[in-house]
DNA sequence: CCATGTAGGTACAGTGAGTGAAGTTAATAC
DNA sequence: GTATTAACTTCACTCACTGTACCTACATGG
């Protein structure tokens with residue numbers, strides 16, 4: 104339909120090979136999540152997932168480093184998005200309020216299928232571990248961003264890491280504890296962070 | 104030497120069987136940590152650890168659920184200690200300042216061998232995961248303690264969990280980031296928590 | 001449009017963590 | 001002194017994950 108002049112660099116149409124690879128990956132992740140929730144994580148073997156996706160078991164590991172990783176197929180993309188949002192603010196924005204708005208928009212991207220994953224997540228240690236690694240990537244991103252704005256020094260490094268861990272801790276808690284009661288994580292996170300950090304998280308409150 | 108009248112309940116001398124079991128466990132953990140740091144985590148097999156301790160590989164798993172768990176043999180006892188300290192305060196102590204003092208004393212129990220573990224810990228994902236599970240136990244303990252003092256409600260539950268996660272996040276960050284620079288974790292944690300939570304963590308500062 | 005490199009996949013064989021079951025021995029209980 | 005049972009062993013098994021060699025179809029440039 105749309106013949107493409109192949110260009111040396113990026114931004115051309117994906118080639119047939121690339122599409123096929125992505126499709127295989129997507130299919131593996133989809134069947135993995137489906138099987139995990141239908142029959143349980145431990146009751147599902149990698150062989151089974153691969154078979155459902157119509158590839159060999161070996162191929163599974165060409166796409167995901169571990170069985171658990173297939174439950175978080177868009178992890179890297181989400182972290183990248185977050186980092187982009189984090190650095191997207193006007194030059195002299197207060198970094199904490201920029202952080203807050205990056206977190207806020209982050210909640211909006213939650214797909215409904217995430218809910219399925221949350222259930223699995225709370226039950227299966229391997230998946231909790233995988234999710235915790237996710238958190239560490241966010242923490243690193245936040246710490247790096249804060250250090251960038253506050254300047255490099257031992258003191259800021261420790262402070263930045265502490266704040267990053269604390270913030271992600273609050274987000275995780277409101278998502279899991281709050282999620283169980285149908286509380287809006289955006290409002291809860293904002294309120295708690297506001298009490299902890301004061302003004303930068305204060306206003307506007309974006310409350311529900 | 105000391106013949107013991109066996110009593111039905113606790114607090115008698117440990118029997119020979121109990122002693123043997125503890126000794127096997129201790130030996131397994133010791134050799135595990137030694138081998139992990141001498142030749143690397145992935146280069147050490149459970150078989151090897153068991154052989155070094157003079158038992159069969161199967162026995163290893165009668166003492167530890169996973170290979171990684173052997174690197175944290177005193178985990179449960181430490182958490183128990185922490186919980187005890189947490190609830191040891193005078194009846195109407197401010198829960199946050201009680202939390203703070205429980206954390207403070209916690210740092211003192213650090214054995215020198217912990218340092219070896221920290222190095223391993225930062226390098227090996229499996230051990231990081233194991234440590235993160237540790238953190239979750241502390242978080243649960245803190246959240247439960249806060250809820251106990253603040254009363255049960257959805258709001259306090261979310262808040263308590265958020266604060267617990269945040270506090271542990273700060274501790275983890277000061278231990279790992281601060282540890283690299285030889286910063287005293289007690290002082291750094293106290294200072295950061297003080298800025299975050301204000302008065303309850305304020306005074307006395309216990310600075311180095 | 002053809003030659004050729006290569007990306008995505010397969011087949012096979014292996015390692016090592018972790019589990020279930022049945023058996024051995026020696027401390028303990030009665 | 002006999003019966004229990006806790007700690008351990010042996011054996012056989014499953015399954016996650018890896019290394020290697022190979023295959024095949026798409027891609028690319030001459």
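Protein chains in written order, with our numbering: chain A, 104 to 311; chain B, 104 to 311.
We put the CB at the ideal spot given by N, CA and C, even for glycine.
Predicted model, so just to flag it, every value in this text is computed and none were measured.
In whole angstroms, what separates the C-alpha of residue i from that of residue j?
| i | j | result |
| --- | --- | --- |
| residue 200(A) | residue 270(A) | 12 Å |
| residue 262(B) | residue 273(B) | 16 Å |
| residue 276(A) | residue 187(B) | 24 Å |
| residue 205(A) | residue 155(B) | 51 Å |
| residue 174(B) | residue 132(B) | 6 Å |
| residue 169(A) | residue 229(A) | 10 Å |
| residue 309(B) | residue 290(B) | At residue 309(B) the pLDDT is 32, less than 50, meaning the model places this residue with poor confidence; the figure from the coordinates comes in the next sentence. When rounded, the distance between both Cα atoms is 7 Å. |
| residue 194(A) | residue 118(A) | 38 Å |
| residue 234(A) | residue 134(A) | 19 Å |
| residue 166(A) | residue 142(A) | 22 Å |
| residue 125(A) | residue 139(B) | 38 Å |
| residue 128(A) | residue 248(B) | 44 Å |
| residue 297(B) | residue 252(A) | 22 Å |
| residue 122(A) | residue 176(A) | 16 Å |
| residue 120(B) | residue 196(B) | 43 Å |
| residue 46(B) | residue 136(A) | The question about residue 46(B) has no answer here: the residues shown for chain B are numbered 104 through 311. |
| residue 192(B) | residue 160(A) | 56 Å |
| residue 278(B) | residue 227(B) | 17 Å |
| residue 305(A) | residue 286(A) | Confidence is the limiting factor: at residue 305(A) the pLDDT is only 41, short of 50, which leaves the residue's position unreliable and the question unanswerable from this model. |
| residue 164(A) | residue 158(B) | 35 Å |
| residue 130(B) | residue 130(A) | 47 Å |
Select from the options the residue whose C-alpha is nearest the C-alpha of residue i.
| i | options | result |
| --- | --- | --- |
| residue 295(A) | 293(B), 295(B), 129(B), 299(B) | 299(B) |
| residue 242(A) | 224(A), 126(A), 227(A), 189(A) | 189(A) |
| residue 185(B) | 225(B), 249(B), 227(B), 209(B) | 209(B) |
| residue 293(A) | 136(B), 293(B), 286(B), 265(B) | 265(B) |
| residue 224(A) | 160(A), 145(A), 120(A) | 145(A) |
| residue 179(B) | 254(B), 236(B), 255(B), 287(B) | 236(B) |
| residue 250(A) | 198(A), 130(A), 137(A) | 198(A) |
| residue 288(B) | 207(B), 227(B), 226(B) | 207(B) |
Run the CB neighbour count on residue i, radius 10 Å, all protein chains shown included, and call it buried at 16 or more, exposed below.
| i | result |
| --- | --- |
| residue 307(A) | Note that residue 307(A) has pLDDT 35, beneath the 50 cutoff, so the model's placement of it is unreliable and the number below is only indicative. Label assigned to residue 307(A): exposed. |
| residue 268(B) | buried |
| residue 284(A) | exposed |
| residue 222(A) | exposed |
| residue 203(A) | buried |
| residue 105(A) | Any reading at residue 105(A) is ruled out, since the residue's pLDDT is 38, under 50, leaving its predicted position unreliable. |
| residue 257(B) | exposed |
| residue 244(B) | buried |
| residue 246(A) | buried |
| residue 147(B) | buried |
Rounded C-beta distance between residue i and residue j? I'm assuming under 8 Å.
| i | j | result |
| --- | --- | --- |
| residue 103(A) | residue 280(B) | Because chain A spans 104 through 311 in this model, residue 103(A) falls outside it and cannot be assessed. |
| residue 153(B) | residue 162(B) | 6 Å |
| residue 232(A) | residue 232(B) | 4 Å |
| residue 182(B) | residue 240(B) | 5 Å |
Is residue i a contact residue of the ligand GTP, with contact defined as CB to any heavy atom under 7 Å?
| i | result |
| --- | --- |
| residue 295(A) | Looking for the ligand GTP in the displayed structure turns up nothing, as the structure carries no ligands at all. |
Which whole runs of the alpha helix (DSSP H) in the stretch 129-193 of chain B are 4 residues long or more, in chain order?
Listed in chain order, they are 149-156, 160-166, 178-189.
Scan the stretch 239-301 of chain B and note each continuous alpha helix (DSSP H) run of 4 residues or more that stays entirely inside, going in chain order.
Secondary structure remark: continuous alpha helix (DSSP H) runs of at least 4 residues inside the stretch 239-301 of chain B, in chain order: 257-276, 288-300.
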